[in-house]
Amino acid sequence: MPIMNSKQLTKDPFVMDEDTVNEIVAEYLKRNGFENVSFLTGKQTGVDVQGEKEDWNVLVESKGSQANDHEGETVFDGGQIKTHTYMQVCKLMELREESNPSNIMVMANPDIPRIRKRVKAIESSIKELDIVQFWVKENRDVEVILPVDFGFLF
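Numbering (the numbering used here), first residue to last: 258 to 411.
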């Protein structure tokens, strides 16, 4: 169940919905030379953000710390964060099964300690799956964690 950020023992430093994560990731990809960048908003289904660079395609599965239709400081609780993280990884695994070897799978999240902690709990598996992590900052910067040497792209 969603909760009020102010009611948490440790408040999230900021609140960010999935649409905002998608928009910031799309901007980041464009700034880094990706073309044909597109992103989803609202209730659209599919790959949240995608772009192309050289012979590579980036497929991004994003989550936020609050639902797109929530206002103010209503955020996901710990159980929802856990479920969303696992859904992200599962979606990227499905995309990998359907796709070609030139696709790079990325999970994008707001850089919030509760989400970082959840991802860290499965980090070795994420690395084994070659999933790139994008951490979206409150100031709209994106921190990239690479499981393998994709540095030439980002």
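Even glycine gets a Cβ: it sits at the ideal position worked out from N, Cα and C.
In this text, all values refer to a predicted model and were calculated from it rather than measured experimentally.
By DSSP, does residue i sit in helix, in strand, or in coil?
i	result
lysine 264	helix
isoleucine 281	helix
glycine 336	helix
isoleucine 369	coil
glutamate 380	helix
methionine 350	helix
glutamine 345	helix
Excluding five sequence neighbours on each side, which residues of the same chain lie with their C-beta closer than 6 angstroms to the C-beta of residue i?
i	result
serine 319	Glu275, Val278, Asn279, Asp305, Ala365
asparagine 360	Asn314, Leu316
histidine 341	Lys320
arginine 397	Ile281
Among residues of its own chain, excluding the 5 on either side of residue i, which ones have a beta-carbon nearer than 7 angstroms to its beta-carbon?
i	result
valine 332	Pro259, Ile260, Asn262, Asp269, Val272, Ser322, Gln323
Work out the CA separation of residue j and residue i for me, nearest whole Å.
i	j	result
phenylalanine 291	phenylalanine 407	14 angstroms
tryptophan 392	glycine 335	18 angstroms
arginine 373	glutamate 311	30 angstroms
glutamate 380	isoleucine 338	15 angstroms
glutamine 265	proline 370	13 angstroms
What residues in its chain sit with their C-beta under 8 angstroms from that of residue i, if we drop five residues either side in the sequence?
i	result
glycine 308	Ala283, Leu286, Lys287, Phe291, Glu292, Asn293, Val294, Ser295, Asn314, Val315
> Any contact of the region 294-302 with the region 383-393, i.e. 3+ C-beta pairs under 8 angstroms?
Replying inline: no
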